[in-house]
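A short worksheet on the structure shown next.
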Amino acid sequence: MFNVDVQNPYAIALPLLDIDYNIVSEQNKLFSGQADLNTTIPAAQSKTIALPVQINYSDLIKVARLGSTIPYQANIGLSFNAPVIGKMRLPLSKTGNLKIPTISQAGNLLWQQRQ
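Residue numbers (our numbering): 1 to 115.
Here is the structure:
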């Protein structure tokens, strides 16, 4: 799981249906997924949403070394119900740098067993 803060800059609540995401680094896929949200982001506020993630470590090793910083691009789609129009998908993109933890830092990560 990882957390995403979704900000709603509008004066009305934003009823989110689902989210899809694809995270890449230098043309290499790090992870992707989708989740049904069925939640509402209050007007002019933000909400933290926990998203499931499965990482293929053989793909991650291709682009990252322990302790390195890698560039990433996140392509995200938020789907919501718009009055009159119905379901709409809002595409978003964000770029940045991701610090890969070292082995000594890995103990600070919250690991959860998949059920």
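For every residue, glycine included, the Cβ atom is placed at its ideal position computed from N, Cα and C.
Check                                                                                                                                           : Outcome
Which residues in the same chain have their Cβ closer than 8 Å to the Cβ of Y10, if we skip the five residues on either side of it in sequence? : A43, A44
Which residues in the same chain have their Cβ closer than 8 Å to the Cβ of S13, if we skip the five residues on either side of it in sequence? : It should be pointed out that residue 13 corresponds to Ala in this sequence rather than to Ser. Excluding positions up to five away in sequence, the list reads T40, I41, P42, A43.
Once the 5 residues before and after A191 are set aside, which same chain residues still bring their CB inside 7 Å of it?                       : Limits of the chain in this structure are 1 at one end and 115 at the other, which puts residue 191 out of reach.
The beta strand (DSSP E) spanning L90 covers which residue range?                                                                               : 86-99
Quick one: what's got a C-beta closer than 7 Å to L37's C-beta in the same chain, skipping five residues either side?                           : L16, L17, D18, I19, I49
Just how far apart, CA to CA, sit S46 and G77?                                                                                                  : 17 Å
Report the three-state DSSP secondary structure of P10 (helix, strand or coil).                                                                 : Before going further, note that residue 10 is Tyr rather than Pro in the sequence given. The answer is coil: DSSP assigns Y10 none of H, G, I, E or B.
So the candidates are S25, Y21, L90, A82; which of them puts its Cα closest to the Cα of I100?                                                  : S25
Just curious, the beta strand (DSSP E) that L66 is in, first and last residue?                                                                  : First-last for L66: undefined, no H or E at that position.
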